[in-house]
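Read the structure below first, then the notes.
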Amino acid sequence: MSDKFTIEIISPGETILKQETNEAIIPSYEGQMGILKDHIPLITFLRPGIITIKNEFEKKFYVEEGTVEFSNNNLLILTSSAKDLANFDKSLVNELFQEAEEKLNNLDITDKDRYLTSYKLETLKEISQ
Amino acid sequence: MPSLDDLKKRIKSVKSTQKITKAMKMVAAAKLRKAQESAEKGRPYSQKMQHIILNLTKSINDPQNAPKLLIGTGEDKKYLCVVLTADRGLCGGFNSNICKLAKTNFKKILRDGKELSIITVGSKGYDQIKREYNKYVIKKFSFKDKKNVSFNEADEVGKEILSLFNQNKFDKCILFYNNFKNVITQIPQAQQIIPAETKNLKSSDTEDFSYEFEPDEDEILEDLLPKNISTQVFKALLENAASEQGSRMTAMDNATRNAGDLVDKLTIDYNRSRQASITKELIEIISGAESL
Numbered sequence: 043m044s045d046k047f048t049i050e051i052i053s054p055g056e057t058i059l060k061q062e063t064n065e066a067i068i069p070s071y072e073g074q075m076g077i078l079k080d081h082i083p084l085i086t087f088l089r090p091g092i093i094t095i096k097n098e099f100e101k102k103f104y105v106e107e108g109t110v111e112f113s114n115n116n117l118l119i120l121t122s123s124a125k126d127l128a129n130f131d132k133s134l135v136n137e138l139f140q141e142a143e144e145k146l147n148n149l150d151i152t153d154k155d156r157y158l159t160s161y162k163l164e165t166l167k168e169i170s171q
Numbered sequence: 165m166p167s168l169d170d171l172k173k174r175i176k177s178v179k180s181t182q183k184i185t186k187a188m189k190m191v192a193a194a195k196l197r198k199a200q201e202s203a204e205k206g207r208p209y210s211q212k213m214q215h216i217i218l219n220l221t222k223s224i225n226d227p228q229n230a231p232k233l234l235i236g237t238g239e240d241k242k243y244l245c246v247v248l249t250a251d252r253g254l255c256g257g258f259n260s261n262i263c264k265l266a267k268t269n270f271k272k273i274l275r276d277g278k279e280l281s282i283i284t285v286g287s288k289g290y291d292q293i294k295r296e297y298n299k300y301v302i303k304k305f306s307f308k309d310k311k312n313v314s315f316n317e318a319d320e321v322g323k324e325i326l327s328l329f330n331q332n333k334f335d336k337c338i339l340f341y342n343n344f345k346n347v348i349t350q351i352p353q354a355q356q357i358i359p360a361e362t363k364n365l366k367s368s369d370t371e372d373f374s375y376e377f378e379p380d381e382d383e384i385l386e387d388l389l390p391k392n393i394s395t396q397v398f399k400a401l402l403e404n405a406a407s408e409q410g411s412r413m414t415a416m417d418n419a420t421r422n423a424g425d426l427v428d429k430l431t432i433d434y435n436r437s438r439q440a441s442i443t444k445e446l447i448e449i450i451s452g453a454e455s456l
């Protein structure tokens, strides 16, 4: 028995990724979450962060939001904002960064927005380093 | 009997029409491939989304307090119909099929004494509907300048639907669009998106799980349901785009063939009258010679 499960990342336009993996780390709404084979069925959503897929080769994706379902050793990630870190444009990072910063400086946003945006900012900072 | 010159002009004009329809067919065929591809690529997202929502719905303990988007307002008085059509014509029965289906539904809704409001997406649909139902149309979208449908356009429509729902403007929302089955067949469809229609989904492909939710299921549903609206609109737009090209291709193929038949027929007519006139001239010459 291998210790692998299937991971699918699907955006409205296309299936971004479908492969077998040993482990995946997702930025769930309430914190980082590592998923291994035979995890219990789970539904959650994502905050801005990085999805790490650990295999022989590590793959990383930047996401802003999304919905996650795990069942029958199939990890399903529905998101419209997944971007492969391997070819993530530097100027786009800066653009998003500025956008997030502006939003955070705006006083009349909800606490939830503030929470999400601060994570977005942190993640982008991490990427640009 | 048209003169030889007239026939000649006719043949020429039919031939140039044929050229145009042929070119349109080729363009449609090229676009179709792309549209079909994106429609097929887009299907998993909306299917999985539905799947998750269905699983979530099953595990709701207290259906009375479930989000309104899922179970509806509990009333059945006001209807919102979203009619999705193309922005361009010359695609066979594509636009009129959707409108026909929509109009039958409008009639039924009005006959039952319910309130109706209409949102049209695509200018062709609006053109057909405004004749009879202009006063019910509350908003019209047109994405004429966009080359390809993207999620942003769908989101725009989705947000409009949601804001109307939050203002209590309707109880039920129905989408009208063409489902792309294959190049030749497109099936006009009415899909109810609010309240979410879960009974149509096959229950066999959903296993009974006790899911772990994080945060809790209400919050997830609240986040997911509005997204689902946009997703369903997006799916409909993609299916529509593929259907439009498929329909246009078939229509233009038929038109090209018809033009070919017409040219053949006109050519025979032309040759026949040419021969007739030659024969007539010959007879005149011969009878003239004989009388000498």
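Residue numbers (the working numbering), protein chains in the order written: chain F, 43 to 171; chain V, 165 to 456. Here a beta-carbon is modelled for each residue, glycine too, at the ideal position from N, C-alpha and C.
Chain-order list of residues whose beta-carbon lies under 6 Å from that of residue i (same chain, five-residue window excluded)
i: Ala405(V); result: Ala199 and Val313
i: Leu84(F); result: Phe112
i: Gln396(V); result: Ile357
i: Thr249(V); result: Asn259, Ile262, Gly286, Lys288 and Gly289
i: Gly76(F); result: Ile67
i: Ile302(V); result: Ser281
i: Ile151(F); result: none
i: Gln292(V); result: Cys263
Contacting residues, own chain, Cβ-Cβ under 7 Å from residue i (five flanking each side not counted)
i: Leu265(V); result: Phe340, Pro352 and Ala354
i: Leu402(V); result: Ser202, Ala203, Gly206 and Val313
i: Ser53(F); result: Thr121, Ser122 and Ala124
Rounded straight-line distance, which links the Cα of residue j to that of residue i
i: Glu448(V); j: Thr431(V); result: 26 Å
i: Ile273(V); j: Cys263(V); result: 15 Å
i: Ile338(V); j: Asn418(V); result: 33 Å
i: Arg174(V); j: Ser441(V); result: 19 Å
i: Phe87(F); j: Val110(F); result: 6 Å
i: Arg295(V); j: Val285(V); result: 16 Å
i: Glu100(F); j: Lys60(F); result: 14 Å
i: Glu143(F); j: Lys232(V); result: 34 Å
i: Leu234(V); j: Lys308(V); result: 32 Å
i: Ile128(F); j: Lys102(F); result: The sequence shown places Ala at residue 128(F), not Ile. One C-alpha to the other measures close to 7 Å.
i: Ala453(V); j: Glu445(V); result: 12 Å
i: Glu383(V); j: Pro390(V); result: 12 Å
i: Ser167(V); j: Ala187(V); result: 31 Å
i: Leu118(F); j: Tyr209(V); result: 10 Å
i: Leu171(V); j: Thr185(V); result: 21 Å
i: Lys267(V); j: Arg275(V); result: 12 Å
DSSP three-state assignment for residue i, whether helix, strand or coil
i: Val347(V); result: coil
i: Pro390(V); result: helix
i: Pro352(V); result: strand
i: Cys337(V); result: strand
i: Lys304(V); result: strand
i: Gly206(V); result: helix
i: Asn342(V); result: strand
i: Lys179(V); result: helix
i: Ala66(F); result: strand
i: Lys142(V); result: With chain V represented from 165 up to 456, any question about residue 142(V) goes unanswered, as that position is not in the structure.
Endpoints, beta strand (DSSP E) assigned at residue i
i: Cys245(V); result: Lys242 to Leu248
i: Glu164(F); result: Here Glu164(F) belongs to no beta strand (DSSP E); instead the alpha helix (DSSP H) covers Asp153 to Ser170.
i: Ser260(V); result: Note, Ser260(V): premise wrong, no beta strand (DSSP E); alpha helix (DSSP H) at Phe258 to Arg275.
Sequence-distant residues of its chain with Cβ nearer than 8 Å to residue i (five each side left out)
i: Lys167(F); result: Phe139
i: Gly253(V); result: Asn259 and Lys288
i: Tyr161(F); result: Pro69, Arg89, Pro90 and Gly91
i: Lys96(F); result: Thr63, Asn64, Glu65, Ala66 and Ile67
i: Lys179(V); result: Ala423 and Val427
i: Tyr157(F); result: Arg89
Where the alpha helix (DSSP H) containing residue i begins and where it ends
i: Glu72(F); result: It is not in any alpha helix (DSSP H) - Glu72(F) carries neither H nor E in the DSSP assignment.
i: Phe315(V); result: Phe315 to Asn330
i: Leu456(V); result: Where Leu456(V) is concerned, there is no enclosing alpha helix (DSSP H), given that its DSSP letter is neither H nor E.
i: Ile293(V); result: Ser287 to Tyr297
i: Leu233(V); result: Lys232 to Ile235
Residue(s) in a DSSP beta bridge with residue i
i: Lys101(F); result: Ile95(F)
i: Ser133(F); result: Partner(s): none; Ser133(F) has no beta bridge.
i: Ile51(F); result: Leu59(F) and Ile119(F)
i: Phe377(V); result: Ile85(F)
i: Thr420(V); result: In the DSSP output, where bridge partners are listed per residue, Thr420(V) has none listed.
i: Asp382(V); result: The partner list for Asp382(V) (beta bridge, DSSP) is empty, contrary to what the question assumes.
i: Phe108(F); result: Looking at the sequence shown, residue 108(F) is not Phe but Gly. DSSP output for Gly108(F) lists Leu88(F) as bridge partner(s).
i: Leu280(V); result: Tyr243(V)
i: Ile358(V); result: Cys337(V)
i: Asp126(F); result: Phe103(F)
i: Ser113(F); result: Asn116(F)
Chain A within 9 Å of residue i, Cβ atoms only
i: Met188(V); result: Note that chain A does not occur in the displayed structure, where the protein chains are F and V.
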